[in-house]
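Step one of this worksheet: look at the structure below.
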Amino acid sequence: MKQQIIVSGIGGQGALFVTRVIAQAAVDQGIPVLTSETHGMAQRGGTVISTIKVGSFASPLIRTGQADVGLLLWENNLSVHRPLMKSDGVLVLNAAAAGEGIRLDASAIARKLGNAVLANLVLLGCAVRHNALFCDEQACIAAITRLAPERFVDQNLQAFAEGLHG
Amino acid sequence: MRETSTQLMMGNEAIAGGLLEAGCQLAAAYPGTPSTEILQSIINHRDQAAAPLHVEWSVNEKVAFEVALAASYTGKRTVAIMKQVGLNVAADPFMRTAYLGTVGGMVTIVADDPGPHSSQTEQDTRLFCLQARVPVLDPSSPAEAKAMIGPAYALSEKYRRNIVLRPTTRVCHSRQSVAVGAGTVAGHPSRFEPDPGRWCATPAFLPALHAGLNADLEAIAREPEWQPRLTPGDGSRAGMAIVAAGIAYAHLVDLLADLGLAGTIDLYQVVMPYPLNPDFLAHLRSDYQRVLILEETYPVIELQLAHPGAVGKQTGAVPRVGELSPDTVQTVVSEFLGLPQPQAPPPTPRGQRPSLCPGCPHRAAFYTIKQTFPDGIFPSDIGCYTLGMNLGAVHTVHCMGACISQGAGFFQAYRLDGGDFPTIVVTIGDSTFFHAGIPALINAVLQQARIIVVILDNATTAMTGGQPVPHLGIAAGGQLTKAIAIEPLVRAAGVEFLQVCDPYEGATFAEVLRQADRHIRSAEGSVAVIISRRPCVMDPVAKKNRVSLTMSINDDCAGCGICVSEFECPALSLSEELGMAVIDQDRCIGCGTCVDACPTQAIEIEEER
Chain A
480 MKQQIIVSGI GGQGALFVTR VIAQAAVDQG IPVLTSETHG MAQRGGTVIS
530 TIKVGSFASP LIRTGQADVG LLLWENNLSV HRPLMKSDGV LVLNAAAAGE
580 GIRLDASAIA RKLGNAVLAN LVLLGCAVRH NALFCDEQAC IAAITRLAPE
630 RFVDQNLQAF AEGLHG
Chain B
288 MRETSTQLMM GNEAIAGGLL EAGCQLAAAY PGTPSTEILQ SIINHRDQAA
338 APLHVEWSVN EKVAFEVALA ASYTGKRTVA IMKQVGLNVA ADPFMRTAYL
388 GTVGGMVTIV ADDPGPHSSQ TEQDTRLFCL QARVPVLDPS SPAEAKAMIG
438 PAYALSEKYR RNIVLRPTTR VCHSRQSVAV GAGTVAGHPS RFEPDPGRWC
488 ATPAFLPALH AGLNADLEAI AREPEWQPRL TPGDGSRAGM AIVAAGIAYA
538 HLVDLLADLG LAGTIDLYQV VMPYPLNPDF LAHLRSDYQR VLILEETYPV
588 IELQLAHPGA VGKQTGAVPR VGELSPDTVQ TVVSEFLGLP QPQAPPPTPR
638 GQRPSLCPGC PHRAAFYTIK QTFPDGIFPS DIGCYTLGMN LGAVHTVHCM
688 GACISQGAGF FQAYRLDGGD FPTIVVTIGD STFFHAGIPA LINAVLQQAR
738 IIVVILDNAT TAMTGGQPVP HLGIAAGGQL TKAIAIEPLV RAAGVEFLQV
788 CDPYEGATFA EVLRQADRHI RSAEGSVAVI ISRRPCVMDP VAKKNRVSLT
838 MSINDDCAGC GICVSEFECP ALSLSEELGM AVIDQDRCIG CGTCVDACPT
888 QAIEIEEER
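Sequence order for the protein chains is A and B. FYI, in the working numbering the residues of the first sequence are 480 to 645. FYI, in the working numbering the residues of the second sequence are 288 to 896.
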């Protein structure tokens, strides 16, 4: 089992949290995992990317053309991070307009839930619904429950469910 | 002792776990990406420490190093933690420590930032260690970094030398399953033995200390634990070897596996790039005709090897600038092994640039400074407020604390020409002011520099995630301590013009700036200081207490774009479709400071949310 995943967004969108959820899902299944994350200056609203390598790997970074799955929280990052994707890789985008890949206006759904930042878990739910990831619904729910601060767990699970059930 | 288990940990958390398990009793740091989370994680898990533990966010890296050093003299295990440019600040005690040594285990963790991603340089701490003659360890993963800590303390104690652990961004900010709770080491009672010939070493003592250092380095180079680790090839590429260190080794392992080339060439992982075992170097020189060296960011191994058949950064076979990405490693390895070159990755746009947060008090301050002195000179400094360059209100960013001295330098240069001089407005964050701004302020006053210094006081070290600052009176663990206020420090430095102002009050702030300008131009004028005081919008307490307004844009908007270009709030953009500015309500926090930025008064406050 090997899968290479990118999570792309801008600072403040919760790309790091989704990265941790996916990585935790791998750990819970006993699969080795490596991630890399963007910290520092870029977190102030700039383009950020996390990479997740599930399976037997030594390096956390992904070469051009090697990503199996791309979760894009910020549509404008497509031109920046598209080259990392395999030609047959699965793209799941938070986007209102039509275009390449699986698209869902996750921000709009999250806004209805009361907080635009929940778009990150809506998008994760959408990716699971399309079987894009190595992990299933239960694995994600367990990881979200473990990692979210207690008072946000219900809200986070609801956002995930919204994406999961479309 | 806790049970052994595995946990998904960030590299910095793994390093912190290693320090706690190794019985580290004093940890001192100044925050800086990518090193910050190490001390933060020690704070978060300090209840797991085996021995009594002192943790501090020191006022700067030099101080952190010296505190950890003296504690080591008593026999305790200690650590000083910083980013690579922090070592420049700590260089003075660091260099002398190499000669004088330590007693209890001392490890200095210096996190490098090849790229760089969030730094002023991409300097290589390993080269710094070569110059300082300090052994340095180069981990390739979070798990390896953690596993190095205990043996690094043992090495430090065996030779009574400071040992550097040099993780890079990709180790610090990677996550991996890491074994935890494997064992803990008890603390040491403090017992300082005066030894003037060592701890006070005057020049007379230094030749002997230097000779001792040299002898120890020769022995350390041969320590079995730290020898290069060979993965032998199958002989199909005889006479060739690849030598790699740090994260580049990890990229290489994945690449060779991917290309089906694992185990076809002799592969050495160097875990201690300095000092290198002379036998290893002789072996590479005599038994291989061609050697590729992969290391970040300077040719430290390559320089020591001095092999005519070696290629790397020095020869230009490996790019000399930037991070060694897996793509770069593939290009370089393909060239070395005579494989077809991979398709070059297409050029990509840089993506969204970072900005000060919506509602950031620094933006309001910068906007008013720029509007009040359109022809001013604006030296600034290191922190979130570096992003004031997006508003055209930051002209120089150099290193911690440099802005005040640079402001003074600008003034002295213009003064020599006689006549009028431009208004020089220096901006410096509160944490940076304590770190290195105070001596510069004293100097500016002493040299009668007619400059305005605006201390951007947001009551936190914001860029690195909100570490406490001295004027809060809160220590690293959250316990209360003496608060060191900014105002008396400024007055004690001889400053006679001092005003405190809320940057959200734009008109008042502008008036105070004009007063300051009159002061610096008056007969007795000298440095004027304004404290621009409002908490960071990320601060949890400030978040809770903040008044949030609902903002909208009315039909008077002419679509001029001034609010976007001059005020530069990420919640404001220009809609080509509508021909007017629009507010992203997901990002707007309702601070209302943008109202003044619109020349047609089209930005309105609708109501309090």
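Yeah, the Cβ is synthetic: ideal placement off N, Cα and C, and Gly gets one too. Here the structure is a predicted model, which is why all the values come from computation and not from measurement.
query: Complete beta strand (DSSP E) runs within the region 428-476 of chain B (minimum length 3 residues, chain order); result: 450-452 and 461-467
query: Stretch-stretch touch, CB-based, cutoff 8 Å, three pairs: the region 659-670 of chain B with the region 539-546 of chain A; result: no
query: Neighbour list for residue 564 of chain A in chain B, Cβ cutoff strictly below 9 Å; result: Correct list: empty, because the minimum Cβ distance to chain B is about 12 Å.
query: Rounded straight-line distance, which links the Cα of residue 632 of chain A to that of residue 625 of chain A; result: 9 Å
query: Selection of the region 502-528 of chain A by Cβ proximity to chain B, strictly under 8 Å; result: 502, 503, 506, 511, 512, 513, 514, 515, 516, 517, 518, 519, 520, 521, 522, 523, 524, 525 and 526
query: Contact set between the region 300-321 of chain B and chain A, restricted to residues whose Cβ is under 7 Å from the partner; result: 320 and 321
query: Runs of beta strand (DSSP E) lying entirely within the region 347-406 of chain B, each at least 3 residues, in chain order; result: 365-370 and 393-398
query: Neighbour flag for residue 515 of chain B against chain A, beta carbons, 8 Å; result: no
query: Closest Cα partner of residue 488 of chain A within the set A:609, A:578, A:617 and A:600; result: A:600
query: Where residue 486 of chain B falls: helix, strand or coil (DSSP); result: helix
query: Straight-line Cα distance separating residue 624 of chain B from residue 535 of chain B; result: 17 Å
query: Beta carbon proximity, residue 559 of chain A to chain B, threshold 8 Å; result: yes
query: Neighbourhood of residue 340 of chain B by C-beta, 6 Å cutoff - its chain only, sequence neighbours within 5 removed; result: 312 and 333
query: Length-filtered (3 minimum) beta strand (DSSP E) runs lying within the region 478-524 of chain B; result: 516-518
query: Backbone CA spacing between residue 711 of chain B and residue 800 of chain B [nearest angstrom]; result: 11 Å
query: Exposure of residue 733 of chain B, with buried meaning 16 or more beta-carbon neighbours within 10 Å; result: exposed
query: Start-to-end residues for the beta strand (DSSP E) that takes in residue 708 of chain B; result: No beta strand (DSSP E) contains residue 708 of chain B, which DSSP labels as neither H nor E.
query: Chain A residues whose Cβ lies nearer than 7 Å to that of residue 460 of chain B; result: 515, 516 and 518
query: DSSP beta-bridge partners of residue 341 of chain B; result: B:313
query: Check whether residue 860 of chain B and residue 871 of chain B have beta carbons under 8 Å apart; result: yes
query: Contact with chain B by residue 484 of chain A, beta-carbon distance below 8 Å; result: no
query: Bounding residues of the alpha helix (DSSP H) (the contiguous stretch that carries residue 548 of chain A); result: First-last for residue 548 of chain A: 546-551, but that is the beta strand (DSSP E), not the alpha helix (DSSP H).
query: Contained alpha helix (DSSP H) runs [length at least 4] in the region 605-685 of chain B, N- to C-terminal order; result: 613-624 and 648-659
query: Rounded Cβ spacing between residue 372 of chain B and residue 408 of chain B (contact assumed at less than 8 Å); result: 6 Å
query: Chain A within 8 Å of residue 892 of chain B, Cβ atoms only; result: no
query: Any C-beta of chain A under 8 Å from that of residue 671 of chain B; result: yes
query: Same chain, Cβ closer than 6 Å to residue 627 of chain A, neighbours up to 5 away in sequence not counted; result: 635
query: Residue 583 of chain A beta carbon less than 8 Å from that of residue 494 of chain A; result: no
query: Supposed close pair residue 559 of chain B, residue 513 of chain B - CB separation, criterion 8 Å; result: 4 Å
query: Chain-ordered residues of the region 716-733 of chain B with a beta carbon less than 9 Å from chain A; result: none
query: Span of the alpha helix (DSSP H) around residue 530 of chain B; result: Where residue 530 of chain B is concerned, there is no enclosing alpha helix (DSSP H), although the beta strand (DSSP E) it sits in stretches over 527-531.
query: Environment of residue 644 of chain A [buried if 16+ CB atoms lie within 10 Å]; result: exposed
query: Beta-carbon separation (whole angstroms), residue 745 of chain B vs residue 648 of chain B, contact threshold 8 Å; result: 6 Å
query: Interface residues of chain A facing residue 743 of chain B [CB-CB closer than 9 Å]; result: Ordered by position in chain A, no residue passes the 9 Å Cβ test against residue 743 of chain B, which lies about 15 Å from the chain.
query: Selection of the region 535-556 of chain A by Cβ proximity to chain B, strictly under 9 Å; result: 535, 536, 537, 538, 539, 540, 541, 542, 543, 544, 545, 553, 555 and 556
query: Segment contact flag, the region 601-616 of chain B with the region 581-588 of chain B, C-beta cutoff 8 Å, min 3 pairs; result: yes
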